[in-house]
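**Student:** Those protein sequences? They're chains B and V, same order as listed.
Going by this note's numbering, the first sequence wraps up at 252, each residue one higher than the last.
Going by this note's numbering, the second sequence wraps up at 1366, each residue one higher than the last.
Think of the CB as a built atom: it goes at the ideal place given N, C-alpha and C, for glycine as much as any other residue.
Owing to the predicted nature of the structure, the values given are computational and were not obtained by experimental measurement.
Have a look at the structure that comes next, please.
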Amino acid sequence: MTTMTFLTFILAFLMFVAGGRNGIYSFFSLVINFFLLFITIILIAGGVPAIGVSFFSGVCILAITIYMGNSEGSEADIAFIATILVMVIMLLLIIPFEHLAQVQGFSNEDSEEIEAFNLAIGVNFESIMISAAVLSTLGAIAEAAIAIASGLQEIIEQKPEIELSDLRRSGRNIGKQIMGMTFNTLFFGMFGGNLALFILLYKLQATFGYYLNSKIFVGETMLVLYASIAVIMIIWITSELMVHKLAKQRNR
Amino acid sequence: MKVKKKDFIKGMLIVLSGCLLYLFVVNDAFLYKQPILKITRVKNSKTDKIVDEFKNRDQQTSQIITGKILNGNEQGKSFEVHNTYTWSRGMDQRFYTGQQVFVNIYQKGKGKTISISHYKRDTYLLMLCWLTLMLLFIVMRSDGLRSIVSVILNFVLFLIVVQIDVMWNITSFFWIYAISAVIFTALTLMLVIGWNKQCLVTFIAIFFGTAMALLLTVAAMWLTKDKGMHYEALDFATQAPKQLFLSASVIGLLGTVMDAATDIVSTLFELKRSQPGISFKKLFNSGRQVGKKIMGPLINVLLLIFFAETFTLAVLYFRTGNSFGYTFEWTMSLGLVQAVISGIGITLVIPSASFLAAVALRGSSR
């Protein structure tokens, strides 16, 4: 048995212990998401337009993460609509920025790894980078959308006569806590993912100016910034949609 | 009406600050030592079709770029340089008039020639930073500030730790990262929660969760004799790859475990505040309920982040005739293992955070 299979079994077992049947559901939603991502890469490599495929699999991943968790009912619908809206906004933001910053493909630091390859392989590396950037934000926004929608739903249930402005403020309060911690997840994820790169750049005695302009560092930092922007947007949009829903219910 | 006027002024200030920052960064060549060339004319020559041994069709175009140097000793002088780009732009790039590039200037005989070093990207990076900060300010007001401070502090600390690692150059550098992980945790928690009992409980839970997850991982690696773990596939590795992988895992693990632990502990402290008489068992179960809900989405965050990093490389492998299994093993498996390790950390921190918080809160009620 490979180390990965063994560790995956440990994870499945621990998820079952920690969450019972829900734990198993969560585990399978992760497995499905993994296969969706794998198929996405295969399709892109096969020449299907990258952004289109990623948009489609992004919608699937969001639906699976939101509905296969234990959220149900109207707040899950709101979380889903909010995440789709944010995904579209992020696409509109990421496409021009990736085009301007030209961080696609590989950088000089990568050269050892890809030495053996001929890079003229007839795929649009820019759109691959755009797809990767959009997909990488989806996990964080799905988590935040669920947390805010279910948190506000609970407040509405406990205090049905709550003022709309108070509800909006509560949304911001919940959002504040989520954001602080999600930023940590994202940034530590980036530090962890790029530890070797940071060590290498330090050994090369890169200057501050080099950091600000190098393809790989700018590319990685932009990924984290996109995710941060997406999280801020989802907090705002989910709260507004919940407030809107409550206002509509009252008018009836 | 007054409030609206204030909002209008604020909006104008935000837009103005963006314009000023843009103008500054576009014209910041004087801050750099390396010469920067501003492209004034681009002449594309004819495009060649190329086909590789895997029948991948691509196109290659060469261009002649003329431009003026913006800074340094050669400021104001014009140069000409060649560039080739492919349709797929894997490692090259098509240049347009108006763009700025870093160049190297060489003495060649009597005259001087230049070569393109890299593209100037600072404008876009800083504009995106600005956009993030402004959105944070608009949506969160001053509350967003604290999270930014903690992120910046952690980043500076992280750079210092990398520096220590490179300077000391010890064989078991894993411990540098392990100890710094403990410091990261303490610092972040104190900034986000403040120095109190809740902070201490969260800290112990995180420490326990991370350490146990790591022990389990190392044990699993030892039991399976690292089968299928291609540490040599780790990008940019300049130090012992296995230790580097574990160090990176600890840091990645920390963020999510911190996220889960803070969620659980703060919910339980809030519960105790609203229902002072709540029992130990009820507290423990509520903690597990919270954990159950956040577990899946949190692991998903990492899965997507790690996976997105492999996109470009995986496509390259697939297009050059490698099988699914081989591509998976060499481009994705390490990232996936990192996500799985973080998942194990999250599942372990759920019971430990619930238990510790329940114990701490019971003690205070006596």
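Run through chain B and tell me which residues come within less than 7 Å of leucine 1136 of chain V, C-beta to C-beta.
**Tutor:** Numbered from its first residue, the second sequence carries residue 1136 of chain V at position 136. By Cβ distance, chain B contributes Ile232.
**Student:** Please check the pair isoleucine 1039 of chain V and glutamine 1099 of chain V, which I expect to be a contact at CB under 8 Å, by giving their CB distance rounded to whole angstroms.
**Tutor:** Mapped onto the second sequence, residue 1039 of chain V falls at position 39. Mapped onto the second sequence, residue 1099 of chain V falls at position 99. Right, the Cβ-Cβ distance comes to about 5 Å (below 8 Å), so this counts as a contact.
**Student:** What does the Cβ neighbour count give for methionine 1001 of chain V, buried or exposed, with the cut at 16 atoms within 10 Å?
**Tutor:** Your numbering for residue 1001 of chain V matches position 1 in the second sequence. Its pLDDT being 49, under 50, methionine 1001 of chain V is placed unreliably by the model, and the measurement read from it follows with that caveat. Exposed, because fewer than 16 other Cβ atoms sit within 10 Å of the Cβ of methionine 1001 of chain V.
**Student:** Is DSSP giving glycine 1067 of chain V helix, strand or coil here?
**Tutor:** Stepping through the second sequence from its first residue, residue 1067 of chain V is reached at position 67. Glycine 1067 of chain V falls in the strand class under three-state DSSP.
**Student:** Can you give, in chain order, each stretch of the alpha helix (DSSP H) that sits fully within the stretch 1137 to 1186 of chain V and has at least 4 residues?
**Tutor:** The stretch 1137 to 1186 of chain V contains these whole alpha helix (DSSP H) runs: 1143 to 1168.
**Student:** Can you round the beta-carbon distance between arginine 1146 of chain V and leucine 1200 of chain V to whole angstroms, since I take them to be within the 8 Å contact cut?
**Tutor:** Here residue 1146 of chain V corresponds to residue number 146 of the second sequence, with the count starting at 1. Here residue 1200 of chain V corresponds to residue number 200 of the second sequence, with the count starting at 1. Not confirmed; about 20 Å, so no contact.
**Student:** May I have the straight-line CA-CA distance separating alanine 1213 of chain V from alanine 45 of chain B, to the nearest angstrom?
**Tutor:** For the purposes of this step, residue 1213 of chain V is identified with residue 213 of the second sequence, where counting begins at 1. For the purposes of this step, residue 45 of chain B is identified with residue 45 of the first sequence, where counting begins at 1. Whole-angstrom Cα-Cα distance: 35 Å.
**Student:** Taking the alpha carbon of leucine 197 of chain B as the reference point, which residue from B/Ala79, B/Leu93, B/Ser111 has its own alpha carbon closest?
**Tutor:** Looking up residue 197 of chain B in the first sequence gives position 197. Among B/Ala79, B/Leu93, B/Ser111, the Cα nearest to that of leucine 197 of chain B is on B/Ser111.
**Student:** At a CB-CB cut-off below 8 Å, which residues of chain C make contact with methionine 87 of chain B?
**Tutor:** As a matter of chain content, chain C is missing from the structure shown, whose protein chains are B and V.
**Student:** Looking at chain B, is there any beta carbon in it that lies within less than 8 Å of the beta carbon of proline 1035 of chain V?
**Tutor:** For the purposes of this step, residue 1035 of chain V is identified with residue 35 of the second sequence, where counting begins at 1. Cβ-Cβ to chain B under 8 Å: no for proline 1035 of chain V.
**Student:** Please report the straight-line C-alpha distance between isoleucine 95 of chain B and isoleucine 130 of chain B, rounded to a whole angstrom.
**Tutor:** By one-based count along the first sequence, residue 95 of chain B stands at place 95. By one-based count along the first sequence, residue 130 of chain B stands at place 130. Looking at the two C-alpha atoms, the distance is approximately 6 Å.
**Student:** Between glutamine 1243 of chain V and chain B, is the shortest Cβ-Cβ distance under 8 Å, so that the two count as touching?
**Tutor:** Taking the first residue of the second sequence as 1, we reach residue 1243 of chain V at position 243. Chain B contact via Cβ: absent.
**Student:** Using the C-alpha atoms, what's the distance from isoleucine 1251 of chain V back to leucine 7 of chain B?
**Tutor:** Indexing the first sequence from 1 puts residue 7 of chain B at position 7. Indexing the second sequence from 1 puts residue 1251 of chain V at position 251. Going by the C-alpha atoms only, they are around 18 Å apart.
**Student:** By DSSP, does threonine 1061 of chain V sit in helix, in strand, or in coil?
**Tutor:** What you label residue 1061 of chain V is simply residue 61 of the second sequence in a count that begins at 1. Three-state DSSP puts threonine 1061 of chain V in a strand.
**Student:** Counting only beta-carbon separations shorter than 8 Å, does valine 1166 of chain V have a partner in chain B?
**Tutor:** If you number the second sequence from 1, residue 1166 of chain V lands on position 166. Yes, valine 1166 of chain V lies at the interface with chain B (some Cβ there is under 8 Å from its Cβ).
**Student:** Rounded to whole angstroms, what is the Cα-Cα separation between glycine 1076 of chain V and leucine 1070 of chain V?
**Tutor:** The residue you call residue 1076 of chain V lines up with position 76 of the second sequence. The residue you call residue 1070 of chain V lines up with position 70 of the second sequence. Taking the straight line joining both Cα atoms gives about 6 Å.
**Student:** Can you give the Cα-Cα distance for glutamate 115 of chain B and arginine 172 of chain B, rounded to whole angstroms?
**Tutor:** As a working note, residue 115 of chain B is residue 115 in the first sequence. As a working note, residue 172 of chain B is residue 172 in the first sequence. Taking the straight line from one Cα to the other gives about 49 Å.
**Student:** Locate the beta strand (DSSP E) running through asparagine 1083 of chain V, then write down its first and last residues.
**Tutor:** Residue numbering aside, residue 1083 of chain V sits at position 83 when the second sequence is read from its first letter. Segment 1078 to 1086, the beta strand (DSSP E) holding asparagine 1083 of chain V.
**Student:** Distance, Cα to Cα, serine 1088 of chain V vs isoleucine 174 of chain B?
**Tutor:** Reading the second sequence from its first residue, position 88 is the one you call residue 1088 of chain V. Reading the first sequence from its first residue, position 174 is the one you call residue 174 of chain B. Roughly 44 Å between the two C-alpha positions.
**Student:** Taking only three categories from DSSP, how would you classify glutamine 102 of chain B?
**Tutor:** Residue 102 of chain B sits at position 102 when you count from the first residue of the first sequence. Here glutamine 102 of chain B sits in coil by DSSP.
**Student:** Let me know if phenylalanine 1173 of chain V comes out buried or exposed under the rule of 16 or more other beta-carbons within 10 Å of its beta-carbon.
**Tutor:** Along the second sequence, one-based indexing puts residue 1173 of chain V at 173. Result: buried.
**Student:** What is the DSSP secondary structure of arginine 1366 of chain V, counted as helix, strand or coil?
**Tutor:** For the purposes of this step, residue 1366 of chain V is identified with residue 366 of the second sequence, where counting begins at 1. Low local confidence applies: a pLDDT of 42 at arginine 1366 of chain V is under 50, so the model's placement there is unreliable, with the coordinate-based value given in what follows. Residue state, collapsed to three classes: coil.
**Student:** Can you name the residues of chain V whose CB is closer than 9 Å to the CB of leucine 135 of chain B?
**Tutor:** Sequence index remark: in the first sequence, residue 135 of chain B carries index 135 (1-based). Within chain V, the residues near leucine 135 of chain B are Leu1304, Phe1307, Ala1308, Phe1311.
**Student:** Helix, strand or coil for threonine 40 of chain B, going by three-state DSSP, please let me know.
**Tutor:** Against the first sequence, residue 40 of chain B aligns to sequence position 40. Threonine 40 of chain B falls in the helix class under three-state DSSP.
**Student:** Check each candidate in V/Asp1007, V/Ser1342, V/Ala1357 and name the one with the smallest Cα separation from isoleucine 1138 of chain V.
**Tutor:** Working through the second sequence from its first residue, we reach residue 1138 of chain V at position 138. When only C-alpha atoms are compared, the closest one is V/Asp1007.
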